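A.B. asks: One structure follows; several queries about it will come next.
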Amino acid sequence: MPDIFDFFKENESKLQEQPPKQLWDKLEQKLESDKRRKRRRNIRFLQLNAVALMLLVLLFAAALLWYFTRAHEKRSEIAPVYKTMNDE
Amino acid sequence: MTETQAVRLLNEQDRSAQKWVYERYSPLMFSVCRRYLSRREDAEEALVSGFYKVFTQIGSFGGLGSFEGWIRRIMVNEALMMLRKNEPLSFPGEEKMPADDPDHFSIEAELSARDILELIEKLPPGYRTVFNLYVLEGYKHHEIAETLGVSINTSKSQLILAKERLRQLLRDKGIV
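Residue numbers (our numbering), protein chains in the order written: chain A, 1 to 88; chain B, 1001 to 1176.
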């Protein structure tokens, strides 16, 4: 004689039921908004990277400018002394 | 499309593969959710969030076991989460261990899906959850105890009580 649980096990497949059609639309919307969110996050990440890169370039340019200006100033300071020494 | 192809495409977030998987498995998974949750709307919500997890966490499917089994485990977890969210699970009569009488019955009438679901729905949530996990999902008592955070004895007693209640319900309906 079958166990009462066997009866439910055997009949489980009968319980399959088509879910309402709009559930797929709901799921698709959820996946779509997730995709949009990810895209927005990627764009934001790229924008932040671009800003960081620009700042780095500016910093580098400023450092170069400072270096050459200083080198030029040093040369202009040495040159008159050198000239004075030669004159003497 | 084969299942292997579908899984590969799911990894690329391919919408047509997602639809194919949804159409193939949603009737079975909806019935899984329905068995745990008595409110239809809750079952629908669990189904949507379950499939959302299937599609967004496809990377965690190793491809070794059964794909259907993996989806099913996600659905069971979703349904249990929903169940706990709605109300904390109670396990009436968990302290005492009832005697497990052997079955002496035979089903004398053909039961429709509606009748079977109605019988399961009539079980108190604690009985129903243990019954679903043990009988229909094939969990062992120690796995049920771990999943639900109860003792192994509670799991066993809930199952015996569920059997007793189902037997009573079938008798009331004049089916056994």
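Backbone N, C-alpha and C fix where the C-beta goes; we use that ideal spot for every residue, glycine too.
Nothing here was measured: the structure is a model prediction, and the numbers come from that model.
1) May I ask you to list, following chain order, the residues of the stretch 1161-1172 of chain B that have a beta carbon less than 7 Å from some beta carbon of chain A?
2) I think Val1130 (chain B) touches Leu1159 (chain B), with their Cβ atoms under 8 Å apart; what is that distance to the nearest whole Å?
3) Looking only at its chain, what residues have a beta carbon closer than 8 Å to the beta carbon of Gln1005 (chain B), apart from the 5 residues adjacent to it on each side?
4) Can you give me the C-alpha to C-alpha distance between Arg1008 (chain B) and Leu1136 (chain B), rounded to a whole angstrom?
5) Could you give the DSSP three-state label for Asn49 (chain A): helix, strand or coil?
6) For Leu1037 (chain B), return the contacting residues in chain A, with the cut-off set at a CB-CB distance below 9 Å.
7) I need the straight-line Cα distance from Ile1152 (chain B) to Tyr1127 (chain B), nearest angstrom please.
8) Along the alpha helix (DSSP H) that carries Lys1053 (chain B), what are the first and last residues, could you check?
9) Starting from Ala1113 (chain B), find everything on chain A with Cβ-Cβ shorter than 9 Å and list it in chain order.
10) Please name the residue in B:Glu1045, B:Thr1002, B:Glu1041 and B:Phe1055 whose C-alpha comes closest to that of Asp1014 (chain B).
11) When the cut-off is 8 Å and only beta carbons count, does Lys74 (chain A) lie next to chain B?
12) Quick check on Arg1034 (chain B): buried or exposed, where buried means 16 or more other Cβ atoms within 10 Å of its Cβ?
13) Between Leu1136 (chain B) and chain A, is any beta-carbon pair separated by less than 8 Å?
14) Three-state secondary structure (DSSP) at Thr1002 (chain B)?
15) For the candidate residues B:Ser1155, B:Glu1118, B:Lys1019 and B:Leu1028, whose alpha-carbon lies nearest to that of Glu28 (chain A)?
16) Taking the runs of the alpha helix (DSSP H) that are 4 residues or longer, which of them lie wholly in the stretch 1087-1172 of chain B?
17) Would you call the stretch 1028-1042 of chain B and the stretch 1068-1079 of chain B in contact, with 3 or more CB pairs under 8 Å?
C.D. replies: Short version:
1) Taking 7 Å as the Cβ-Cβ cut-off, the stretch 1161-1172 of chain B approaches chain A at Lys1163, Leu1166 and Arg1167, given in chain order.
2) With a Cβ gap of about 5 Å, Val1130 (chain B) and Leu1159 (chain B) count as contacting.
3) Answer for Gln1005 (chain B): Ala1017, listed in chain order.
4) CA-CA distance, Arg1008 (chain B) to Leu1136 (chain B), rounds to 29 Å.
5) It is helical.
6) Counting only Cβ-Cβ distances below 9 Å, Leu1037 (chain B) has no contacts in chain A at all, with the closest Cβ about 13 Å away.
7) Computed Cα separation, rounded: 14 Å.
8) It spans Arg1040 to Thr1056 - the alpha helix (DSSP H) in which Lys1053 (chain B) sits, taken as one unbroken run.
9) Those within 9 Å of Ala1113 (chain B) in chain A are Asn11, Lys14, Leu15, Gln16 and Glu17.
10) Of B:Glu1045, B:Thr1002, B:Glu1041 and B:Phe1055, the residue nearest in Cα terms is B:Phe1055.
11) In terms of beta-carbon proximity, Lys74 (chain A) stays away from the interface with chain B, with every pair separated by 8 Å or more.
12) Arg1034 (chain B) counts as buried, since at least 16 other C-beta atoms from the protein chains shown sit within 10 angstroms of its C-beta.
13) It does: the Cβ of Leu1136 (chain B) has a partner Cβ on chain A nearer than 8 Å.
14) In the displayed model, Thr1002 (chain B) falls within coil according to three-state DSSP, outside both helix and strand.
15) Out of B:Ser1155, B:Glu1118, B:Lys1019 and B:Leu1028, the CA that lies nearest to the CA of Glu28 (chain A) is found in B:Lys1019.
16) Fully contained in the stretch 1087-1172 of chain B are the following alpha helix (DSSP H) runs of length 4 or more, in chain order: 1113-1121, 1125-1131, 1141-1148 and 1152-1172.
17) Yes: the two stretches touch, three or more of their Cβ pairs being nearer than 8 Å.
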